[in-house]
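Take a look at the structure below.
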Amino acid sequence: MIFAKRLLGKANGLTGALLIGLVFCTALLGSVYTPHDPLKSDLLNRFAAASPAHPLGTDMFGRDILSRLMRGAWVSVSIGLGTLVIPVLLGTFLGAAAGFLRGWFDRLLIMVLDALMAFPGLLIALGLMAVIGPNRYGVILALSVAYLPAVTRVVRGAVLSVSQSEYVEASATMGNSRLYTLIVHVLPNCMAPLIVLTTMMFGWVLLAESALSFLGLGVPPPEPSWGNILAEAKAHLVRYPVLGLLPGLCISIALLGVNLLGDALRDELDPKSAPSKEVI
Amino acid sequence: MGNGTGTGPVLSIEDLEICFGSAPVVKSVNLSVAPGEILALVGESGSGKSMIGRAILGLLPGGGRVSRGRVAFRGHEMTGALPPRELRRLRGKEIGLVFQEPLSSLNPNMRIGEQMCEAMREHTDLNPAQIRDRALEMLRQVRLDDAERLLNRYPHEFSGGMRQRIMIASVMMLKPALLIADEPTTALDAVVQKEVLDIMAEVARANGTAIILISHDLAVVAAYAARIAVMDKGCLVEAGSAAAVLCRPQHPYTRKLLAAAQLGAPEPVKGAAGAPLLSLEGLQVEFAERRFFGLLGERRTQAVQDVSLTVQPGEFVGLAGESGSGKSTIGRAIGKLVTKAAGRIVFDGHDLGGCSAAEERRLRQRIRFVFQDPFSSLNPRMRIGRIVAEGLRHDRSLSADERRARAEDMLEAVGLPRAMAGRFPHALSGGQRQRVAIARALISRPDLIIADEPVSALDVTVQAQILALLKSLQREYGFACLFISHDLHIVEQLCARLYVLHKGRIMEQGETGTLFAAPRHPYTRRLMSASPRLESGPGGLQLAQVGPADAAQDGESAFFDATGGSEAPYRLAEAAPGHFVALRGAA
Chain A
0 MIFAKRLLGK ANGLTGALLI GLVFCTALLG SVYTPHDPLK SDLLNRFAAA SPAHPLGTDM
60 FGRDILSRLM RGAWVSVSIG LGTLVIPVLL GTFLGAAAGF LRGWFDRLLI MVLDALMAFP
120 GLLIALGLMA VIGPNRYGVI LALSVAYLPA VTRVVRGAVL SVSQSEYVEA SATMGNSRLY
180 TLIVHVLPNC MAPLIVLTTM MFGWVLLAES ALSFLGLGVP PPEPSWGNIL AEAKAHLVRY
240 PVLGLLPGLC ISIALLGVNL LGDALRDELD PKSAPSKEVI
Chain B
0 MGNGTGTGPV LSIEDLEICF GSAPVVKSVN LSVAPGEILA LVGESGSGKS MIGRAILGLL
60 PGGGRVSRGR VAFRGHEMTG ALPPRELRRL RGKEIGLVFQ EPLSSLNPNM RIGEQMCEAM
120 REHTDLNPAQ IRDRALEMLR QVRLDDAERL LNRYPHEFSG GMRQRIMIAS VMMLKPALLI
180 ADEPTTALDA VVQKEVLDIM AEVARANGTA IILISHDLAV VAAYAARIAV MDKGCLVEAG
240 SAAAVLCRPQ HPYTRKLLAA AQLGAPEPVK GAAGAPLLSL EGLQVEFAER RFFGLLGERR
300 TQAVQDVSLT VQPGEFVGLA GESGSGKSTI GRAIGKLVTK AAGRIVFDGH DLGGCSAAEE
360 RRLRQRIRFV FQDPFSSLNP RMRIGRIVAE GLRHDRSLSA DERRARAEDM LEAVGLPRAM
420 AGRFPHALSG GQRQRVAIAR ALISRPDLII ADEPVSALDV TVQAQILALL KSLQREYGFA
480 CLFISHDLHI VEQLCARLYV LHKGRIMEQG ETGTLFAAPR HPYTRRLMSA SPRLESGPGG
540 LQLAQVGPAD AAQDGESAFF DATGGSEAPY RLAEAAPGHF VALRGAA
């Protein structure tokens with residue numbers, strides 16, 4: 000509780016939390032309620048300007064943009080969060096194991112990951128999408144595979160450098176098991192780069208999903224995501240730039256919020272900023 | 000000679016006050032430095048001595064500012080509104096700076112030559128060939144051989160001492176009128192420290208450069224400085240000629256500092272007779288470096304060669320040598336942090352390599368470690384209480400509350416307040432952290448402590464406190480200790496017996512008292528003269544002198560000298576009862 004209070008007490012923490020809160024609330028709301036059916040087209044009412052019935056106007060099929068953005072928020076955010084789970088959990092596990100065990104496991108894993116990293120992440124995702132076929136879970140799986148090497152390498156690097164510390168040696172000389180040392184002494188000191196990477200990844204995933212949608216391999220239309228709303232807008236961008244600006248703005252707000260919150264979180268988790276339990 | 004302007008001071012500081020925020024870290028300091036003079040600025044960490052050095056150059060770290068007073072360098076107001084161009088011209092050309100950390104003060108990406116010439120190009124209009132000649136001359140002045148080849152090499156190819164010499168050479172190239180050396184040798188070990196300081200003083204004398212030598216170690220600078228200024232908590236408490244400050248200290252803080260530098264009479268901790276608690280038999284450790292992925296075979300380096308030593312229960316045994324001598328490796332081999340290539344480690348009658356895993360774990364619980372660097376030996380994400388209590392983790396009979404209580408008791412025993420348990424390591428000073436490390440080691444009441452340079456990262460005054468603490472804790476708990484250090488005088492304080500190590504071999508071993516009274520091996524003498532200590536002489540305090548090494552002969556046989564190739568046959572001969580010296584030749 001005190002932690003949350005201090006996190007929100009900082010300008011970047013508060014701004015980030017507000018923006019993220021806004022995005023998440025919109026996403027949750029969009030999953031159950033939208034002013035109009037986001038899929039229902041109304042060809043007589045294409046490219047309508049903002050009006051009380053359609054606060055943000057309508058798109059090229061006469062669909063309500065606000066409704067589409069709300070439902071799109073749900074789709075995009077759930078893909079973003081879903082994609083973070085596998086790389087962060089599996090990547091931390093693999094990276095920690097490789098960095099701490101060293102030896103053949105480390106060499107083999109790094110070899111495989113380096114091979115994966117040699118391809119641009121998006122290219123791997125593209126290939127996988129072509130196999131799986133465009134659907135939401137395919138996007139999550141493909142992007143997870145694409146981002147796994149980055150997380151693993153970052154965690155492995157941090158574990159390697161922290162393992163050199165004298166306090167890790169001190170733990171070994173106290174007769175602590177290697178697993179205990181890894182969990183208690185090494186991993187907590189590797190969190191800062193992982194948090195930064197995770198927050199950045201959330202942003203990349205939003206963009207990557209829109210890139211996949213742009214190529215027709217993302218969430219299949221008519222189901223809206225911020226990415227494919229943006230992709231659909233490209234044909235009309237010159238005459239109706241607002242069609243592209245609105246989903247772009249949504250993505251930007253989400254990224255800004257995540258980055259601000261991530262920064263604040265990293266600073267706050269640093270013990271140097273924590274107050275003592277007792278003040279002497 | 001530097002282009003001196005008469006006989007006035009090179010630098011004069013008047014009523015200087017430096018503030019961080021609203022808190023002054025340096026309060027009304029008055030100092031002056033005459034041309035060619037060496038002034039030592041001595042104080043503990045946090046006394047503000049480095050801030051003065053930085054203020055002179057106008058390089059105060061962010062948040063710091065000169066709030067009062069003036070710094071005048073040859074008539075230039077360094078603190079006033081000097082245009083940045085002018086300030087830059089003075090830095091480097093007229094005032095040089097040598098930092099503490101030679102490992103990070105040279106750019107690892109630049110060749111030595113480029114780095115040395117950089118400042119010359121900036122500040123003079125000599126042509127490249129002239130600059131190169133000047134660089135070569137400077138490298139010879141700091142006694143580096145093969146200067147031509149050296150220019151094309153990178154910093155990582157050199158040891159800390161050589162890098163510091165390169166640093167001095169590149170700073171002195173411009174013949175500055177003033178050199179500010181901020182703890183230039185604190186990161187180096189004793190033998191190298193003496194070398195570097197000798198060279199620095201010599202080069203400065205040759206170029207007519209004045210030096211402000213900033214250090215926490217009064218004994219080290221006393222040999223070089225004409226005048227000594229002592230700082231405490233931002234105030235200049237005493238300044239005067241070296242002899243006057245040493246012999247007739249006026250301020251209580253100076254006396255305290257001098258007392259710490261003397262370390263008092265040695266009080267060796269003798270152990271019980273009988274079977275040894277720890278004995279190493281023919282220990283060997285080697286490091287294998289694989290060449291080209293192992294295809295070209297391995298290059299093996301012998302870090303420890305055939306070392307045998309014993310520690311009696313309750314005894315303090317010293318293990319001394321310069322860095323690279325393998326002394327830390329022995330401690331690490333005992334703690335299984337490196338694997339041994341051969342030899343036996345016998346603890347309390349059990350061979351640590353030859354008993355069952357459970358037995359070995361049980362035995363190892365009775366050995367605990369204290370490391371050198373208190374800043375990296377404590378997990379930054381754990382509170383002190385938890386760090387100390389971790390030493391009890393394997394004692395299953397205790398509840399969490401009992402552990403906490405025991406940890407707080409232990410904190411009190413090492414002289415820290417109980418409330419410290421709630422803090423994180425970064426909030427503690429170096430000395431306090433080392434106390435925490437000692438508490439963590441002692442909380443499980445071990446029989447043996449391996450202390451690897453436990454005080455060398457600390458200020459002199461704090462060193463004395465930690466040594467006294469170890470002594471009193473030993474009386475209370477009765478543990479034995481293998482005390483690893485490069486500083487013979489610190490080892491002398493506590494240890495009943497002493498092993499002197501060089502290039503992985505024991506050079507000399509014996510009772511500390513006899514070894515100090517009559518050191519036989521030249522290497523031991525070198526080590527002794529390298530760490531200067533003050534002692535009371537007829538005219539007050541003076542630097543202790545150690546006679547030069549005898550001839551390289553001891554009776555019939557020559558001393559074993561590891562520097563001349565370690566392949567020569569080696570044996571330890573008993574020079575006096577219990578006093579062994581390394582000789583060349585077969586037994």
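Protein chains in written order, with numbering that gives the first Met the number 0: chain A, 0 to 279; chain B, 0 to 586. Cβ atoms here follow ideal geometry from the backbone N, Cα and C, with glycine treated the same way.
For S376 of chain B, the nearest beta carbon of chain A is closer than 8 angstroms to its own beta carbon. The Cβ-Cβ distance between Q99 of chain B and P34 of chain B does not fall below 8 angstroms. Relative to the Cα of A234 of chain A, the nearest Cα in the group A:R67, A:D58, A:S224, A:P119 belongs to A:D58. With respect to the C-alpha of Q364 of chain B, the residue from A:L112, A:A171, A:E165 having the closest C-alpha is A:A171.
In the three-state DSSP reduction, E573 of chain B falls in the strand class (E or B). For R64 of chain B, DSSP records a beta bridge to B:C18.
D372 of chain B reaches chain A at E165, counting residues in chain order whose Cβ is nearer than 8 angstroms. With respect to the 8 angstroms criterion, L447 of chain B and R434 of chain B are not classified as neighbours on the basis of their beta carbons. In the three-state DSSP reduction, Y239 of chain A falls in the coil class, being neither helix nor strand. Scanning its chain for C-beta atoms nearer than 7 angstroms, with the 5 sequence neighbours on each side dropped, one finds around S11 of chain B the residues S31, A71, in chain order. Pairwise C-beta distances place the region 67-85 of chain A out of contact with the region 153-168 of chain A, as fewer than three of them are shorter than 8 angstroms.
Among the bridge pairs identified by DSSP, H349 of chain B is matched with B:F346. At least 8 angstroms separates the beta-carbon of I213 of chain B from that of G325 of chain B.
CA-to-CA, the gap between G323 of chain B and H501 of chain B works out to about 8 angstroms.
Residue-level contact check: P187 of chain A touches chain B, since one or more beta carbons of chain B fall below 8 angstroms from its beta carbon. Chain-ordered, the chain A residues with CB closer than 9 angstroms to the CB of H393 of chain B read M173, G174, N175. Minimum Cα-Cα distance from L427 of chain B among the listed residues B:P445, B:L377, B:V229, B:D451 corresponds to B:L377. Interface criterion met: the Cβ of G334 of chain B is under 8 angstroms from a Cβ in chain A.
Burial state of P60 of chain B is exposed, judged by a 10 Å Cβ sphere holding fewer than 16 other Cβ atoms. By the Cβ-count criterion, W73 of chain A is buried, with 16 or more other Cβ atoms from all chains shown falling within 10 Å of its own Cβ. According to DSSP, T309 of chain B shares a beta bridge with B:S278. Uninterrupted beta strand (DSSP E) stretches at least 3 residues long and entirely within the region 71-150 of chain B occur at 94-97, given in chain order. The continuous alpha helix (DSSP H) containing M69 of chain A extends over residues 64-100. In the same chain as L336 of chain B, and ignoring 5 residues on each side of it, no C-beta atom comes closer than 7 angstroms to its own. Every unbroken stretch of the alpha helix (DSSP H) spanning 4 or more residues and falling wholly within the region 177-219 of chain B is given here in chain order: 189-206.
If you draw a straight line from the Cα of I329 of chain B to the Cα of P568 of chain B, it is about 22 angstroms long.
Closest by C-alpha distance to I182 of chain A, out of B:R380, B:M137, B:V306, is B:R380. Leaving aside the five residues that flank L143 of chain B on each side, the residues in its chain whose CB is nearer than 8 angstroms to its CB run, in chain order, L149, M161, R164, I165, A168. Within chain B, the residues placing a beta-carbon under 9 angstroms from that of E168 of chain A are R331, G334, L336, F368, F370, S376, ordered along the chain. Closest in C-alpha terms to A438 of chain B, from the list B:S484, B:R385, B:F482, comes B:R385. Residue state for K339 of chain B is assigned as coil, using DSSP reduced to three classes.
Under DSSP, Y498 of chain B forms a beta bridge with B:L318, B:Q508.
At a C-beta separation below 7 angstroms, H184 of chain A has these neighbours in chain B: N378. Three or more pairs of CB atoms, one per stretch, sit closer than 8 angstroms, so the region 186-199 of chain A contacts the region 81-100 of chain A. Annotation: P83 of chain B to I55 of chain B spans about 14 angstroms, alpha carbon to alpha carbon. Taking all protein chains shown into account, E231 of chain A has 16 or more neighbouring C-beta atoms within 10 Å of its C-beta and is therefore buried.
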